[in-house]
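Asks:
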Amino acid sequence: MTLTNSTVSGNTGGFSGGMENFGTMTLTNSLVSDDCRGDITSNGYNIESPGDTCGFDQLTDQANVGADDLKLGPLQDNEGPTETHALGEGSVAIDVIPEVDCVDADSAPLTTDQRGVERPQGDACDVGAVEMEVMR
């Protein structure tokens, strides 16, 4: 499984209800909150909060990020076709990914977030599925 520019937060369930890797899982430009067990291959620019259980090993990854630094909002309607977790002002996930690395799983430029909002909004793309909108 490959996840690119994704936000995974608080998944629960019976056996392996969260994000658990028994095979091959690769994450790129993604945010994982309260939800990881087992090593995951990182292609960079991933954030894990809290803890350090995903095994992210790239220089651009951030592990054990506190909730106060991540500022991940609740799952709710953030003006898109699906509910999302918005980033709060000052989140460590904002403007992290250089535009050249802001690409989809096929390495094509990623121009919108999950809601259809233009990427990037600031100097660089945000980590995860949602781009923090900048008032222009």
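Using the working numbering, the first residue of the sequence shown is number 8, and each one after it goes up by one.
Glycine included, each C-beta is placed from N, C-alpha and C at the ideal position.
The structure presented is a predicted model; accordingly, all values stated were derived computationally and were not measured.
Using a Cβ-Cβ cut-off of 6 Å (strictly less than) and excluding sequence neighbours within five positions of Thr67, which residues of its own chain qualify?
Replies: Gly51 and Tyr52
Asks: Out of Glu106, Met32 and Ser40, which one is the CA nearest neighbour of Ile47?
Replies: Looking at the Cα atoms, Met32 is the closest of the given residues.
Asks: Assuming contact is defined by CB atoms lying nearer than 8 Å, are Ala70 and Asp59 in contact in what I supplied?
Replies: Ala70 places its beta carbon less than 8 Å from that of Asp59.
Asks: So the alpha helix (DSSP H) Asn74 belongs to, where does it begin and stop?
Replies: As written in the sequence, residue 74 is Ala, which differs from the Asn given in the question. Counting along the chain, the alpha helix (DSSP H) containing Ala74 begins and ends at Ala74 to Leu77.
Asks: Between which residues of its own chain and His92 is the CB-CB distance below 6 Å, once the five residues before and five after are set aside?
Replies: Thr14, Ser16, Leu79, Gly80 and Leu82
Asks: What's the gap between the Cα of Val110 and the Cα of Pro116?
Replies: 4 Å
Asks: Which same chain residues, not among the five before or five after Cys9, have their C-beta less than 7 Å away from its C-beta?
Replies: Just to set this straight, residue 9 is Thr in the shown sequence, not Cys. Correct list, in chain order: Thr33 and Ala112.
Asks: Using three-state DSSP, classify Val39 as helix, strand or coil.
Replies: strand
Asks: Can you tell me the Cβ-Cβ gap for Asp102 and Gly129, rounded? I've got them flagged as a contact below 8 Å.
Replies: 4 Å
Asks: What do you reckon, are the CB atoms on Leu38 and Gly135 nearer than 8 Å?
Replies: Closer than 8 Å, so yes.
Asks: Tell me which same chain residues have a C-beta within less than 7 Å of the C-beta of Arg126, skipping the five on either side of it?
Replies: Cys109, Leu117, Thr118, Thr119, Asp120, Cys132 and Glu138
Asks: Using a 10 Å radius around the Cβ and a threshold of 16 neighbouring Cβ atoms, would you call Val72 buried or exposed?
Replies: buried
Asks: Please give the ranges of any alpha helix (DSSP H) in the region 41-112, keeping only runs that are unbroken, at least 4 residues long and fully inside the region.
Replies: 74-77
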